[in-house]
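Residue numbers (the numbering used here): 8 to 75.
Just so you know, even glycine gets a beta-carbon here, dropped at the ideal spot from N, CA and C.
Just below is one structure, and these are the notes that go with it.
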């Protein structure tokens with residue numbers, strides 16, 4: 008029996024899945040400051056860490072005025 012299709016994004020993602028999730032290449036993904044978790048000998052990216060990284064990216068058109 009094959010793997011069941013899932014209709015949600017799993018919590019832990021492989022490098023190809025994580026790269027697709029962020030819309031970057033695997034090469035770019037590996038240069039980003041996002042730590043991985045180990046599970047069963049696999050190194051996986053936590054979707055919440057990917058979301059946190061994306062949330063911290065600058066927003067186009069906004070500038071940081073040092074709080075003023």
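Less than 9 Å divides the Cβ of residue 41 from the Cβ of residue 25.
The way I'd put it, the segment 10-17 doesn't touch the segment 30-46; fewer than three beta-carbon pairs between them come closer than 8 Å. Within the DSSP secondary-structure output, residue 53 pairs in a beta bridge with 19. By the CB criterion at 9 Å, residue 19 and residue 39 fall outside the cutoff. Residue pairing by DSSP places residue 43 opposite 52 in a beta bridge.
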